[in-house]
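Scroll down for the structure; my scribbles are underneath it.
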Amino acid sequence: MKTSICPQCKTTFRFRSNKKFCSATCRKLNAQQKKRTECPVNATHSPETRRDQSLTFDLAMRLAERLYTLPPSQRLGYLQALIEEARSGASPTLRRVLTMPKLLRANCEDRHLFWRRSPRSYVTITQAADRYCRKFWGAGVEAVVGGEVPEPVTGEVEGGIPQAA
69 MKTSICPQCK
79 TTFRFRSNKK
89 FCSATCRKLN
99 AQQKKRTECP
109 VNATHSPETR
119 RDQSLTFDLA
129 MRLAERLYTL
139 PPSQRLGYLQ
149 ALIEEARSGA
159 SPTLRRVLTM
169 PKLLRANCED
179 RHLFWRRSPR
189 SYVTITQAAD
199 RYCRKFWGAG
209 VEAVVGGEVP
219 EPVTGEVEGG
229 IPQAA
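Okay, so the sequence shown: first residue is 69 according to this note's numbering, each after it adds one.
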């Protein structure tokens with residue numbers, strides 16, 4: 069019995085003259101990888117991806133603008149509302165903004181990512197949400213928004229106040 073080696077996953081399979089890959093999955097994966105090397109899906113090659121990225125970064129800037137124009141006493145409530153909405157799954161775009169690695173670990177030299185182009189004075193909306201989550205939830209924004217962390221303790225008494233006999 070002759071065997072052949074799959075060029076995708078490097079496993080051996082029974083040889084057939086018209087079979088190059090061990091499975092349809094390997095065949096499809098190989099074709100997809102070949103297509104992506106020729107024409108990657110990024111903002112340079114795809115107008116749809118370019119528009120999507122533009123809208124995502126614009127939303128991040130608008131959220132940061134809203135955060136920093138609010139009075140300081142209302143900012144925690146605003147961040148709480150954003151995180152609850154992203155956590156519920158009602159807004160996938162908001163979830164993508166709050167978990168975007170480019171905004172979470174923004175370089176100070178990328179001034180266009182920061183509100184008023186001032187990284188010394190302001191953080192990105194993703195960094196602000198991450199700091200909020202670490203303070204109140206004890207975990208990063210990616211874990212909180214992804215639902216991996218349980219709700220924090222609110223301090224509310226469940227049940228009722230016990231009555232003296």
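Just so you know, even glycine gets a beta-carbon here, dropped at the ideal spot from N, CA and C. Here the structure is a predicted model, which means the values were calculated and not measured.
Distance CB(R84)-CB(M69) smaller than 8 Å: For this step, residue 84 is matched to residue 16 along the sequence shown. For this step, residue 69 is matched to residue 1 along the sequence shown. No, these two residues do not count as a Cβ contact at 8 Å.
Which residue or residues does DSSP assign as beta-bridge partners of A73? Residue 73 sits at position 5 when you count from the first residue of the sequence shown. The sequence shown places Ile at residue 73, not Ala. I73 is bridged to T80.
So, under 8 Å CB-CB, W183 and A111 are touching, yes? Tell me the CB distance rounded to an integer number of Å. Looking up residue 183 in the sequence shown gives position 115. Looking up residue 111 in the sequence shown gives position 43. With 8 Å as the limit, W183 and A111 do not qualify as a contact, their Cβ atoms being about 22 Å apart.
Compute the beta-carbon to beta-carbon distance between L171 and A128, rounded to the nearest angstrom, for a pair I have assumed lies under 8 Å. Locating residue 171 in the sequence shown gives position 103, where the first residue counts as 1. Locating residue 128 in the sequence shown gives position 60, where the first residue counts as 1. The Cβ separation is near 6 Å, so the contact holds.
Would you mind listing the beta strand (DSSP E) stretches within the region 168–207 that are 3+ residues and don't spill past its ends, in chain order? none
Counting along the chain, where does the alpha helix (DSSP H) carrying F125 start and finish? What you label residue 125 is simply residue 57 of the sequence shown in a count that begins at 1. Counting along the chain, the alpha helix (DSSP H) containing F125 begins and ends at P115 to T137.
Helix, strand or coil for S85? Go by DSSP, reduced to three states. As a working note, residue 85 is residue 17 in the sequence shown. Coil at S85, not helix or strand.
Inter-stretch contact (C-beta, 8 Å, three-pair minimum) for the region 204–216 and the region 183–193: no
Could you round the C-beta distance between T71 and T80 to whole angstroms and report it? I think they count as a contact, below 8 Å. Here the question's residue 71 lines up with position 3 in the sequence shown. Here the question's residue 80 lines up with position 12 in the sequence shown. Sure, about 5 Å apart at Cβ, within 8 Å.
Any 3 or more C-beta pairs closer than 8 Å across the region 213–222 and the region 141–161: yes
N-terminal and C-terminal residue of the alpha helix (DSSP H) that C94 is part of: For the purposes of this step, residue 94 is identified with residue 26 of the sequence shown, where counting begins at 1. Looking at the DSSP string, the run of the alpha helix (DSSP H) that includes C94 is A92 to E106.
What do you get for C107, buried or exposed, if any count of 16 or more other CB atoms within 10 angstroms of its CB means buried? Along the sequence shown, one-based indexing puts residue 107 at 39. Under this definition C107 is an exposed residue.
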